[in-house]
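In the working numbering, the protein residues as written are 1108 to 1597.
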Amino acid sequence: MTTVSSALSSAELQQAARDHLWLHFTRMGGSGDGEVPIIVRGEGCYLEDSNGKRYLDALAGLFAVQIGYSYGDEIGEAAAAQMRELPFYTNWSYAHPRAIELAAEVASLAPGDLNRVFFVSGGSEAVESAWKLARQYYSARGQHRAVAASIPSHPQAPGHDFDAEQAARLAGERRWKAISRHVAYHGTTMGALSINGIPALRAPFEPLVPEVSHVRNTNRYHRPQQETEAEFTQFLLDDLRQTIEATGPETVAMVIMEPVQNAGGAFTPPEGYWAGVRAICDEYEILLCADEVITGFGRLGAWFGSERYDIRPDLVTCAKGLSSAYASIGAVIATDRVMEPFLQGDRMYTHGVTFGGHPVAAAIALKNLEIMRRERIVEHVAEEQDTVRETLAQLLELPIVGDLRGTGFFYAIELVKDKETRQTFSDEECERLLRGFLTPRMFEAGLICRADDRGDPVIQISPPLIAGQAEWDELVGILGTVLEEAWQRI
Ligand SMILES: Cc1ncc(COP(=O)(O)O)c(C=O)c1O
1108 MTTVSSALSS AELQQAARDH LWLHFTRMGG SGDGEVPIIV RGEGCYLEDS
1158 NGKRYLDALA GLFAVQIGYS YGDEIGEAAA AQMRELPFYT NWSYAHPRAI
1208 ELAAEVASLA PGDLNRVFFV SGGSEAVESA WKLARQYYSA RGQHRAVAAS
1258 IPSHPQAPGH DFDAEQAARL AGERRWKAIS RHVAYHGTTM GALSINGIPA
1308 LRAPFEPLVP EVSHVRNTNR YHRPQQETEA EFTQFLLDDL RQTIEATGPE
1358 TVAMVIMEPV QNAGGAFTPP EGYWAGVRAI CDEYEILLCA DEVITGFGRL
1408 GAWFGSERYD IRPDLVTCAK GLSSAYASIG AVIATDRVME PFLQGDRMYT
1458 HGVTFGGHPV AAAIALKNLE IMRRERIVEH VAEEQDTVRE TLAQLLELPI
1508 VGDLRGTGFF YAIELVKDKE TRQTFSDEEC ERLLRGFLTP RMFEAGLICR
1558 ADDRGDPVIQ ISPPLIAGQA EWDELVGILG TVLEEAWQRI
């Protein structure tokens, strides 16, 4: 096996990192004195740092490395072969075999008639592209309907003679607003950021892209305890309907939600929720986009969360697991209905990015999906998920653990000050508990998990989808010890 080693010594790497590398979402002032964590290699579910210390990666990179870290040789060969054949060509007007094959493969895995795949470089770009696509869909559809209305014999004509006024109104149809959920994360580019429901991420960049409204998410932990699941579903759907009405239904292009919401801590949908959301979107003719950047490609024990919950979205955004993050590639998947107006006349979706469908990234994604099928990775998640929940449920015995949420290989535990009253921590306590203690202590103990307080404080657990019982036991063992220590400190 050939290895790539740095020309710099460990100390030189540290210095160069401190001097030149700007880490994402990181308080850079803090890295002046402490060591920058430098990860040098990976194997299975484990990572190793520049000091030779091993970590269990309970976050799969960033909810991304479905197949773990050991397929570099096989995927590398596919990438090298593509490099030799065609290192780059674009999807602007042109196609190439890997983009075509990957689009066909993704369409075959996606549920229903989600048949059309538009490639981008990552999740934020996918969300950005979905919103733009939804906006352009209505004007394209309006033009399409206007043409139909002007031709009495047209199958879609409303059954009366040419109505110039109606045709003009349809031709001018425009919708632009988006609706998403509170505390949801959808990426960082301006459009995707505007869709986010996390005030702390939005505030530094305001004013953002108008106009996004936020609705309630499916966090049930802090709802009244006597509320039934059916009442909770109705409460959420009423809120969605009222928000659409208040926003102006004829101006709303897209409702965008994750099948299971990550930020805030793995909020699963209550019974009947997705059927209700779909029905409301149909009633107001709003496109429903499932943001599957995390849930796509197996995390919930199905290829897509949309399949698992029968969401029937018009659009799906995906990235991460598409290539197991071995390459930077994402996509928007659209149904035949969304595609239809773009197939008429000289119309086009006025959008593109140079690297969308990059042949090497596409070759890597194809190989990743081949490995996932061959190794039955999605089936593994589906088969193991009940045992995984039982294993994680041991953490509920700790006084600091209030709730365990999630499904598949996608979980969060919510930390509370008082289990009886479900009282949460103040901002200052969160700062001390999460940033001051839990994050560094878990890392020190050899576990990479994320302590997150974008909503109430949670620990997110989302290992590679190849994780077996040994990894889950190790994870619970380390986390349990660290959380006990945290409780002692409180
Ligand atoms: C649901 C969701 N959408 C979009 C994004 C943005 O993806 P990226 O970081 O690839 O831009 C993320 C990233 O975590 C995400 O979780």
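Virtual Cβ for every residue (Gly too), placed ideally from N, Cα, C.
Quick caveat: nothing in here was measured; it's all calculated off a predicted structure.
{"query": "Any non-hydrogen atom of ligand 1 closer than 7 Å to residue 1601 Cβ", "result": "Past the edges of the chain, shown from 1108 to 1597, lies residue 1601, and the structure says nothing about it."}
{"query": "Residue 1160, buried or exposed, once every other Cβ within 10 Å from all chains shown has been counted against 16", "result": "exposed"}
{"query": "Cβ shell of residue 1379 (< 6 Å), same chain only, five flanking positions each side left out", "result": "1340"}
{"query": "Start-end ranges of the alpha helix (DSSP H) lying completely within the region 1405-1447, minimum 4 residues", "result": "1412-1415, 1443-1446"}
{"query": "Candidates 1440, 1578, 1557, 1454, of which the one nearest residue 1568 by Cα", "result": "1557"}
{"query": "N- and C-terminal bounds of the beta strand (DSSP E) containing residue 1396", "result": "1394-1398"}
{"query": "6 Å CB neighbourhood of residue 1176 in its chain, flanking five on each side removed", "result": "1149, 1150"}
{"query": "Cβ-based burial, residue 1362 [other Cβ within 10 Å; buried from 16]", "result": "buried"}
{"query": "Three or more C-beta pairs below 8 Å linking the region 1234-1253 and the region 1497-1506", "result": "no"}
{"query": "Heavy atom of ligand 1 within 7 Å of residue 1523 beta-carbon", "result": "no"}
{"query": "Contacts around residue 1318, its chain only, beta-carbon distance under 6 Å, and the 5 residues preceding and following it disregarded", "result": "1284"}
{"query": "Minimum C-alpha distance to residue 1308 - residue among 1289, 1323, 1250", "result": "1289"}
{"query": "Segment limits, beta strand (DSSP E) that includes residue 1155", "result": "1153-1156"}
{"query": "Whole-angstrom distance between residue 1171 and residue 1428, CA atom to CA atom", "result": "5 Å"}
{"query": "Pairwise C-alpha distance: residue 1311 and residue 1564", "result": "22 Å"}
{"query": "C-beta contact flag for residue 1554 and residue 1582 at 8 Å", "result": "yes"}
{"query": "6 Å Cβ shell around residue 1440 - same chain, five flanking residues per side excluded", "result": "1217, 1221, 1224, 1423"}
{"query": "Stretch-stretch touch, CB-based, cutoff 8 Å, three pairs: the region 1441-1454 with the region 1482-1494", "result": "no"}
{"query": "Candidates 1301, 1250, 1299: closest to residue 1276 by CA position", "result": "1250"}
{"query": "Ligand 1 heavy atom lying under 7 Å from the CB of residue 1369", "result": "yes"}
{"query": "Own chain, CB closer than 7 Å to residue 1343, minus 5 neighbours either side, in chain order", "result": "1323, 1325, 1380"}
{"query": "beta-carbon residue 1401 near ligand 3 non-hydrogen atom, thresh 7 Å", "result": "Judged by which ligands are present, ligand 3 is missing from the structure shown, whose ligands are ligand 1."}
{"query": "Buried or exposed by the 16-neighbour rule on C-beta atoms within 10 Å, applied to residue 1130", "result": "exposed"}
{"query": "Candidates 1219, 1358, 1433, of which the one nearest residue 1411 by Cα", "result": "1219"}
{"query": "Beta strand (DSSP E) runs wholly inside the region 1315-1372, at least 3 long, in chain order", "result": "1319-1322, 1359-1364"}
{"query": "Cβ-heavy atom distance, residue 1383 to ligand 1, below 7 Å", "result": "no"}
{"query": "Bridge partner(s) assigned by DSSP for residue 1508", "result": "1522"}
{"query": "Residue range of the beta strand (DSSP E) that includes residue 1150", "result": "1146-1150"}
{"query": "Any non-hydrogen atom of ligand 1 within 7 Å of residue 1116 CB", "result": "no"}
{"query": "Check whether residue 1484 and residue 1405 have beta carbons under 8 Å apart", "result": "yes"}
{"query": "Reduced DSSP secondary structure (H/G/I, E/B, other) of residue 1285", "result": "strand"}
{"query": "Residue 1293, buried or exposed, once every other Cβ within 10 Å from all chains shown has been counted against 16", "result": "buried"}
{"query": "Helix, strand or coil at residue 1374 [DSSP, three-state]", "result": "strand"}
{"query": "Proximal residues to residue 1552 (C-beta, below 6 Å), its chain only, five neighbours per side dropped", "result": "1585, 1589"}
{"query": "Buried/exposed call for residue 1114, threshold 16 Cβ in 10 Å", "result": "exposed"}
{"query": "For residue 1453, three-class secondary structure by DSSP", "result": "coil"}
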